[in-house]
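In case it helps, our numbering puts the sequence shown at residues 3 to 602. Worksheet for the structure shown next.
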Amino acid sequence: MAVPIVRRRTAALAAGALVVASGAVAAALSTTSAEAATSGCSVNYSVTSQWDVGFGASVTITNTGSAISNWTLGWSFAGNQKVTQGWNATITQSGASVTAASLSYNGAVASGGTVNFGFNGSYSGSNAVPTSFTLNGVACGGTGTGSGGSTGGTTPPTTPPTTPPTTPPTTPPTTPPTTPPSSGARVDNPYVGAKGYVNPEWSAEASGDGGSSIANQSTAVWLDRIATIQGADGKMGLKAHLDEAVAQANGQPLTVEFVIYDLPGRDCAALASNGELSATDIDTYEHSYIDPIASIMSDPAYSKLRIVNIVEPDSLPNIVTNASGQAGATDACATMKANGNYEKGVGYALAKLGALSNTYNYIDAGHHAWLGWDSNFAPAAQEFLKAATSSGATVHDVQGFITNTANYSATVEPNFKVTDNVNGTSVRSSKWVDWNNYVDEQSYATALRSELVSVGFDSGIGMLIDTGRNGWGGSGRPTSAGATTSVDTYVDGGRIDRRVHAGNWCNQSGAGIGARPTAAPAAGLDAYVWIKPPGESDGSSQAISNDEGKGFDQMCDPTYGGNARNGNNPTGALANSPLAGHWFSAQFHQLVQNAYPPLS
Ligand code: BGC
């Protein structure tokens, strides 16, 4: 069977649409009067990444004239390039002509000084680099290059400034950057005081498919095959992302997230992301996957980035619950438990990546409806400890844990608590809760953190929660507890998580975008993060042949009746889904529609 082509969508921006740096409010371009009598500039316009319909660019202006206190750089595209998103400048486009204006914190540029901004764009045909620029209305000597070269600003401005430098700058260069320059030393919580990396490839997908309101959010980059380290299928590789992250950081702290996801015998209790390495291939994992990643991340060019590694979703939780003696056990998980390659691989990754001072390792810890039962909770902490002390790793190589990776469990269930009773009966006995000790991620993550510290992990560890797709908004969202007729009416009428069963995980119908990435949202939590990029499929709804290590899991088929791991319930999956990781437009639209908090 042929692999379906997932169409990339180009960003559809109306001519003249305003595109702004992350979080900034679009403002009409302020025309800046020409500056001091000695104007001059050179510009290095560098295409940092490029794929079939999109590209990223980094632009560095060198001020070869006298000091300026704000700037506007202008250029014209030769082709149909459209800026879709920018950072460190307010970028506006009208037809082919583009202007990038300074922000409050980077307007001042000394004589001989430089300033950098970046943007993502869409294009078709060729992506010629612009060759002439103006700075504050005056032509620059420099020209753009496609790959980082620059030319000197030796040509004097052809047009003398029309306005004498009598007008003081509208924004005096007194406002310091909101965050201090990055020092490069490991901090307690890497998310505090840092911006988040915007993956240009995801951003272009999102903004091209009706999601421009979230396209400037930070999402993780999944290294789900050895080939993704260099860049597979025309996509950016690890180095390209890190280079882009350095450009986006622009000297300030920035957090960039990678998912380490290629264990031998991966995804032993499911098939949708089965992986490329056989159960025994620990050698390839260590030396052809982890070693090259560690070597690239150790480049001094990246020493000031805060690199967050999400270590191996689902693997250790599967050893806890699906390896033997439990209803959902699989032979594949029993094999991985017996050969120890999950613990060895995770330990190796933690040790190798943990040896770098610019990395932060977070181990995947399932979610509340996986490990929240007494029978799984304490054993899970022991399993994590075992892995974190394998292959030379120590607990100090672990900065924290993440829950809900790529899952749909609510961060907080607002309308009922696990301690509630209905007519004297505990909600724990309801069908939905099924004797779990937790009903949502935040309570689970907080309790798990204490358990992990008690078994020997550092007391400073922090938890992350993947909130990309757990918002459960939209018109079906309950606003109060259910009727007190029974524990089931009470829980089912009030829960915002509207899955058929909490064991369902594939492309869930009715789900919405959750809380936006947020640093330190609660005690013990380092951040809410978007690890599974919203819009990317969890798995295909029918078998599709491929070379990406993706199998077909019936949990992604809406017509399947379920298995022991979801109480033999319907799967709640959306129909017609593509392979795991491929863009799933219908799901993305629903996620945007059902976002909570709603998107404006
Ligand atoms: C897939 C990966 C993909 C990731 C993010 C996983 O389920 O196996 O290939 O990169 O999701 O979408």
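C-beta atoms are modelled at their ideal positions from N, C-alpha and C, and glycine is treated no differently. As the structure is a computational prediction, the values presented were derived from the model and not from experiment.
Expected contact under 8 angstroms - CB spacing of residue i and residue j to nearest Å
i, j, result
"N118", "I70", "That belief does not hold up - the Cβ atoms of N118 and I70 are roughly 15 angstroms apart, past 8 angstroms."
"G239", "G551", "That pair is no contact at about 17 angstroms."
"G368", "N438", "That pair is no contact at about 12 angstroms."
"Q444", "V397", "At roughly 24 angstroms, the Cβ-Cβ gap does not stay under 8 angstroms, so Q444 and V397 are not in contact."
"A222", "W532", "7 angstroms"
"G210", "S124", "7 angstroms"
"V313", "A351", "6 angstroms"
"A217", "Q87", "6 angstroms"
"V49", "N129", "7 angstroms"
"Q595", "G514", "7 angstroms"
"G67", "S113", "7 angstroms"
"N65", "V111", "4 angstroms"
"N324", "A331", "5 angstroms"
"V258", "V310", "7 angstroms"
"A389", "L454", "Not really, about 12 angstroms apart at Cβ, beyond 8 angstroms."
"V45", "I63", "6 angstroms"
"W204", "P132", "That belief does not hold up - the Cβ atoms of W204 and P132 are roughly 26 angstroms apart, past 8 angstroms."
"L318", "F386", "6 angstroms"
"L593", "P536", "5 angstroms"
"D490", "S432", "5 angstroms"
7 angstroms Cβ cutoff met for residue i and residue j
i, j, result
"G473", "K534", "no"
"L355", "A395", "no"
"A483", "D442", "no"
"S214", "G198", "no"
"P315", "D366", "yes"
"A80", "I93", "no"
"Q202", "R308", "One detail in the question is off: residue 202 reads as Pro in this sequence, not Gln. Against a cut-off of 7 angstroms, the Cβ pair of R308 and P202 comes out as no contact."
"G603", "N409", "This structure cannot settle anything about residue 603, because the visible part of the chain is limited to 3 through 602."
"Y530", "A522", "no"
"A247", "P266", "no"
"T486", "V424", "yes"
"N72", "S104", "yes"
"D555", "N509", "no"
Per DSSP, cross-strand counterpart(s) of residue i
i, result
"L256", "K197"
"D366", "I404"
"L75", "A102 and L137"
"C43", "N65"
"N118", "T62"
"A575", "Q510"
"E521", "In the sequence as presented, Glu is not what sits at residue 521; that position holds Ala. Note: A521 sits in a beta bridge opposite A529."
"L225", "I262"
"Q87", "N122"
"N129", "According to DSSP, N129 bridges with nothing at all."
"W585", "E538"
"T427", "V424"
"V49", "A59"
"T361", "I309"
"V111", "I70"
Boundaries of the beta strand (DSSP E) in which residue i is found, first to last residue
i, result
"R308", "R308 to V313"
"I63", "G56 to N65"
"Y530", "L527 to V531"
"Q95", "T92 to S96"
Endpoints, alpha helix (DSSP H) assigned at residue i
i, result
"M465", "Element bounds for M465: not the alpha helix (DSSP H) but the beta strand (DSSP E), G464 to D468."
"T337", "D333 to N341"
"T244", "One detail in the question is off: residue 244 reads as Leu in this sequence, not Thr. That run of the alpha helix (DSSP H) goes L240 to A251."
"I295", "D293 to M299"
"D376", "D376 to A390"
"T481", "Counting along the chain, T481 falls outside any alpha helix (DSSP H), and DSSP gives it neither H nor E."
"W437", "Note, W437: premise wrong, no alpha helix (DSSP H); not H, not E."
"V457", "Run containing V457: none; DSSP gives neither H nor E here."
"W204", "P202 to G210"
"L318", "S317 to T323"
"G496", "V489 to G496"
Test: residue i CB closer than 7 angstroms to a CB of chain B
i, result
"N46", "Within the model displayed, chain B is absent; a lone protein chain is all it includes."
- Message: Three or more C-beta pairs under 8 angstroms: does that hold for the segment 453-466 against the segment 565-585?
- Response: Output reads no: the segment 565-585 does not touch the segment 453-466.
- Item | Cβ contact (3+ pairs, closer than 8 angstroms) linking the segment 336-346 and the segment 264-277 | The way I'd put it, the segment 336-346 does touch the segment 264-277; three or more beta-carbon pairs between them come closer than 8 angstroms.
- Query: Touch check for the segment 114-134 and the segment 248-262: three-plus C-beta pairs under 8 angstroms?
  - Reply: Touching, yes, given that three or more Cβ pairs across the two stretches are closer than 8 angstroms.
- At least three beta-carbon pairs within less than 8 angstroms, the segment 214-234 to the segment 398-406: Flag = no, the segment 214-234 and the segment 398-406 do not touch.
- Item | At least three beta-carbon pairs within less than 8 angstroms, the segment 275-291 to the segment 543-561 | Between the segment 275-291 and the segment 543-561, the count of C-beta pairs closer than 8 angstroms reaches three or more; the two stretches touch.
- Item | Cβ contact check for the segment 375-390 and the segment 415-435: 3 or more pairs under 8 angstroms | The segment 375-390 and the segment 415-435 do not touch, with fewer than 3 CB-CB distances between them shorter than 8 angstroms.
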